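So the protein lines, in turn, are chains A and B.
The working numbering applies: residue 198 is where the first sequence begins, and numbers increase by one.
The working numbering applies: residue 49 is where the second sequence begins, and numbers increase by one.
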Amino acid sequence: SQQGEEDPQALSIQEGENATMNCSYKTSINNLQWYRQNSGRGLVHLILIRSNEREKHSGRLRVTLDTSKKSSSLLITASRAADTASYFCAQGDSGTYKYIFGTGTRLKVLA
Amino acid sequence: KAGVTQTPRYLIKTRGQQVTLSCSPISGHRSVSWYQQTPGQGLQFLFEYFSETQRNKGNFPGRFSGRQFSNSRSEMNVSTLELGDSALYLCASSYESGGGDEKLFFGSGTQLSVL
């Protein structure tokens, strides 16, 4: 399977703490994207990082990419209860018109 | 700008029946993708359409089919339903690519339960 893997599978932290989740993928990429999914709903795009970038920021989000290790990490700083959701990485493949999603990390932020 | 609309939101069917799910993409988006999400398998790619043409299909049996209309709206159909088809079916649209460097916009999904 080409599906990426994320760890941890689940993460529980206190409000105000930072949350880090990691994604490993198997094939070469053009870009890697991160999405958030609130329970039972659709996914929302968070950030895209291209293969020639090493780090990207968006508000409280920081994404890093290490193509040599085929891995990426998403850091959410100063977490809030509203950040409680599942987070997925996704690798895009323009040649096949599909995205391969990771297994997801369930984040719970306790107030 | 209206988001991606999926109908119905919930469906309950019995084994052997067939079902049709509908997706209206964001206005101007021509690529529509479908994904199946289950707790055990995560998000699995079903198919992608662009300008009424299927450009790719995932590893699903022929019971799963889809189409796209000239207004970019898309439908997917599952025939002869099995218990294992119970899942959240997600539709996503993008301007062109469906798998390149565009972000996907997802609908809220259709939760299908097969009894």
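Glycine is no exception: its CB is placed at the ideal position from the N, C-alpha and C atoms.
None of these values were measured; they are calculated from a predicted model.
What does GLN230(A) reach in chain B if we use C-beta pairs closer than 7 Å?
LYS151
Under the three-state reduction of DSSP, which class applies to ASP133(B): helix, strand or coil?
helix
Between the segment 135-146 of chain B and the segment 66-74 of chain B, do three or more beta carbon pairs fall short of 8 Å?
yes
With a threshold of 9 Å between beta carbons, is GLN84(B) in contact with chain A?
no
So MET218(A) packs on GLU202(A), CB below 8 Å; how close in whole Å?
Wrong, their Cβ atoms sit about 11 Å apart, outside the cutoff.
Paired residues, beta bridge with LYS295(A) - DSSP:
ASP290(A)
I need the straight-line Cα distance from GLY213(A) to HIS254(A), nearest angstrom please.
18 Å
Do you know offhand how far TYR83(B)'s Cα is from ARG277(A)'s?
29 Å
Per-residue DSSP class, three states only, for ALA207(A):
strand
Here's a check: name, in chain order, each residue in its chain whose Cβ is nearer than 8 Å to the Cβ of ASN228(A), leaving out the five neighbours to either side.
LEU245, ILE246, ARG247, SER248, GLN288, GLY289
DSSP has PHE285(A) in a bridge; who is on the other side?
TYR232(A)
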